[in-house]
Structure formats: structure tokens, C-alpha cells
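In this note's numbering, the protein residues as written are -10 to 320. In this text, a Cβ means the ideal position worked out from N, Cα and C, and glycines have one as well. Keep in mind that this is a model prediction, so the values were computed, not measured. Here the structure is laid out as C-alpha cells; the discussion comes afterwards.
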Amino acid sequence: NQEIQLVKRPEAMPTEEHIRMTNTEMPEPGKNEVLLKTVYVSVDPYMRGRMSSAKSYVEPFALNKAISGGVIAQVVESNAESLQPGDVVTGTLPWAKYSTAPAETLRKVNPELGPVTTSLGVLGMPGLTAYFGLTDIGNPKAGETVVVSAAAGAVGSIVVQIAKIYGAHVVGIAGSEEKTRYLTEELGADKAINYKTDNLPEALIESCPDGVDVYFDNVGGEVSDAVYPLLNDHARIPQCGSIATYNDPNAQGPRLQMHIVKSRALIKGFIVGDYQPRFKEGFTKLAEWVGNGKLTYKETIKTGFDQIPEAFFGLFTGENIGKQLVKTAEI
Ligand code: NDP
């Protein structure tokens, strides 16, 4: 067996020096456990937080242990009644070719809802994050203006489309021409801005003639500094993430306070897990929209177990459109 371990905590951008691929014993399933073959691995920005030892809403990864996260796996051997060899499941599992887990910690993937990969994207954690953050905190009304940062990513691309379903004027911000084209031509965004090449403050004024009512923020930093002056009275800001600051040891807090006071905007941080009691509603709604074509999705998939670190690092340079996954085996 092989696994990928964290061996050193990064101060800034994570690189190969912080990670080690190592050979390990083949694990054996205990009572009520299954032996799993890893098929798809999800790489997610929040994992950067777990690489540091700072206190957060999830435990830091242990050093010299396998990194873990969202995985799709196939049951090879089962000591549990609820799962049979061949079943495809998803759960939080190690970055390892094979692993074991108690059956009750795994969710069976329903292949009727879409390709299995959707359980790590539009019909998984990123989809739920988009749905609850936008509908519960952003609460967009028809005709309001919704701005989304990291709009072509896993969460952002779903937020853009749900905001359109709600009838909003939607402006997406992303880091390449390919992504801005994807936003307007495929996802239905009214405007898309390339924050790397456009003059962001000017482009925002042009794209948001009626100001900003909802700012779904995945990014923080300078992108957000450019959005805040446009906040309308009583705007809402679902604060989903701040990826622009994850690798910056000198990151300052957001420079937004006076704009919040003047606009009486509501800014609210949230963790998708807060909505656990409503996950069923989220899955049902997302699956309905995927089923009737109102919601589409893109995946960027690398192939090979050894590609997992590269895929993860690429999140911070914007290599991915939609959900970044790594395929490690055939089903
Ligand atoms: P994405 O698929 O959006 O991938 C990350 C994207 O962020 C990159 O493609 C890149 O796109 C953009 N990015 C990277 N660095 C910067 C930077 N310095 N400035 C601006 N943009 C940058 O990831 P996810 O959809 O999985 O996650 C998006 C955000 O949501 C993250 O902040 C994440 O931590 C957060 N999150 C929060 C959750 C919660 O429960 N609160 C749950 C899930 C995610 P580009 O080319 O446009 O720069």
C-alpha cells in the first residue's frame, strides 16, 4: 500500500518538501469495517488550514501521518452487513491507495443521481456550501446584484448558477479568460471580471450599476477590498473562505469595517457543517436542479495517485475550473 503524509508544516505556499509518499502495510478491516480501494480523491482549500497547527474548526493534520479528506472508494472486502464488495462509497478517508473504515462512517453513492464524482462536487460538500451559504445567508431576491469571488471554482460555480435560479444579476470574479468565458457563456453569469488583468474597482463599478446586495466571498484579500465600497444598504456577505490569505503569513484582517458600518451590511462566516440537520434538503434541491438541467458542473481531473499533491497545490494558483479531483483507480 502507499499513502501521502504531511511531514512539515508550511509557513507559506505548501510544496513537495512538506509532503512524503511512503509505502505502508496493507490494512486489514476489523469488525463492522470494510477494506476500501481509493478511486477519486478530492483536494480542497480548507486542507491548507489543517496543515498548520493554528486552532481552527477542524483539528490540524498530524505530522508523519496520512493526510485525509473527501474520497470516493470501492469496497473490496466487507465485515459489515450494510456494505458489499463492489459498493461505491464516499467519506473522509486517508490519501492512501487502500484504507479501512467503519461502515457507519461511509455514505453509499447513489449512481442514479449522476456520475459518482458529483458526490465530491456539485452533489457533495462544495454544492451544499454553495446552496446554504447563498440561500440562507445571502438570501438573494430577484433583481438584486450578487457578486461571487473564485466564481469558476467548485463552490463559486454553483453559487453563480443558484443566484441565477433566484433571478439575481450575477457578477463573477475569476483569474483567467477561460474562466470568465465559462462564467458568462456556460453558467449564465451576467458579467465576469478577470481580477488578474482587468482594473477590478473600475470593472466592478461598470458591472454593478445598482451596487452589490450579496457578496459571496471565497477569497478575501484585495479582491474583497475592491467589492466593499459598492455594498448597498443592508447587503449580506456569506463569508465562505479567504483563499487569498491562506498562504500569506503576514495576512492582515480585512479592511472593510467602515463600509460595513455605512451600509449596515450583514457579514456572516459559516461552515457547511453547521447545516448538517438540513443536508437532506440541500442534496434534494441540488439533485433536482442537476436533474432538470438548471445546474451544470465542471470537473478538473488529474490521473494517478502521485498527482494528488500537484492537484492540491494547483488550487492556490487557480489551475482548476470547477471541482478539482484526482482519479487514482478504475471502478
Ligand atoms: P475552488 O475550486 O474555488 O479552488 C480555489 C480557487 O481559488 C482557485 O481555482 C483560484 O481561482 C482561486 N484562488 C486561489 N488563490 C487565490 C488568490 N490569492 N486570490 C484570488 N483567488 C484565488 O475551491 P473551493 O470551491 O473548494 O473553495 C472555495 C473557497 O470556499 C475557499 O476559500 C474554501 O476554503 C472555501 N470553503 C468554505 C467552506 C465552508 O464551509 N465555509 C466549505 C468549502 C469551501 P482563480 O483562477 O479565479 O484565482
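> For residue 216, is the beta carbon positioned less than 6 angstroms from some heavy atom of the ligand NDP?
Replying inline: no
> In this structure, what does DSSP give as the bridge partners for residue 79?
Replying inline: 61 and 96
> Which residue spans inside the region 96 to 146 form an unbroken alpha helix (DSSP H) run of at least 4?
Replying inline: 114 to 121
> Who are the near neighbours of residue 178 in its chain, counting only those whose CB is closer than 6 angstroms to its CB and skipping five residues on each side?
Replying inline: 149, 159, 161 and 172
>> Beta-carbon within less than 6 angstroms of residue 116's beta-carbon, same chain only, minus the 5 sequence neighbours each way: which residues are those?
In response: Excluding residues within five positions, the ones whose Cβ falls inside 6 angstroms are 147 and 275.
> For the ligand NDP, any of its heavy atoms closer than 6 angstroms to the Cβ of residue 136?
Replying inline: no
>> Let me check understanding here. Comparing Cα to Cα, which of 64, 211 and -8 lies closest to residue 14?
In response: -8
> What three-state label does DSSP hand residue 318 in the structure shown?
Replying inline: Residue 318: coil per DSSP, three-state reduction.
>> For residue 35, report the span of its alpha helix (DSSP H) as first-last.
In response: Run containing residue 35: 35 to 40, per the alpha helix (DSSP H) assignment.
> Beta carbon of residue 232, beta carbon of residue 208: below 7 angstroms?
Replying inline: yes
> I think residue 82 touches residue 60, with their Cβ atoms under 8 angstroms apart; what is that distance to the nearest whole Å?
Replying inline: 4 angstroms
> Going along the chain, which residues of its own chain have a beta-carbon closer than 6 angstroms to the beta-carbon of residue 136, five neighbours each way excluded?
Replying inline: 160, 201, 204 and 216
> Looking at the structure shown, is residue 290 part of a helix, part of a strand, or coil, going by DSSP?
Replying inline: strand
> For residue 14, does the three-state DSSP call read helix, strand or coil?
Replying inline: coil
> Roughly how many angstroms separate the alpha carbons of residue 310 and residue 182, rounded to a whole number?
Replying inline: 15 angstroms
> Anyone know if the C-beta pair for residue 32 and residue 301 falls short of 7 angstroms?
Replying inline: yes
>> At 3 residues or longer, what runs of the beta strand (DSSP E) sit wholly inside the region 194 to 249?
In response: 201 to 205 and 220 to 228
> Per DSSP, which one or two residues make a beta bridge with residue -9?
Replying inline: 12
>> Quick check: is any heavy atom of the ligand NDP less than 6 angstroms from the C-beta of residue 230?
In response: yes
>> Excluding the 5 residues flanking residue 75 on each side, which residues of the same chain have their C-beta closer than 8 angstroms to its C-beta?
In response: 63 and 64
>> Could you check if residue 43 belongs to the surroundings of the ligand NDP, using beta carbon to heavy atom distance under 6 angstroms?
In response: It does not: the Cβ of residue 43 is nowhere closer than 6 angstroms to a heavy atom of the ligand NDP.
> For the ligand NDP, any of its heavy atoms closer than 6 angstroms to the Cβ of residue 115?
Replying inline: yes
>> Quick check on residue 265: buried or exposed, where buried means 16 or more other Cβ atoms within 10 Å of its Cβ?
In response: exposed
> Any idea if residue 288 is buried or exposed, counting beta-carbon neighbours within 10 angstroms, 16 or more meaning buried?
Replying inline: buried
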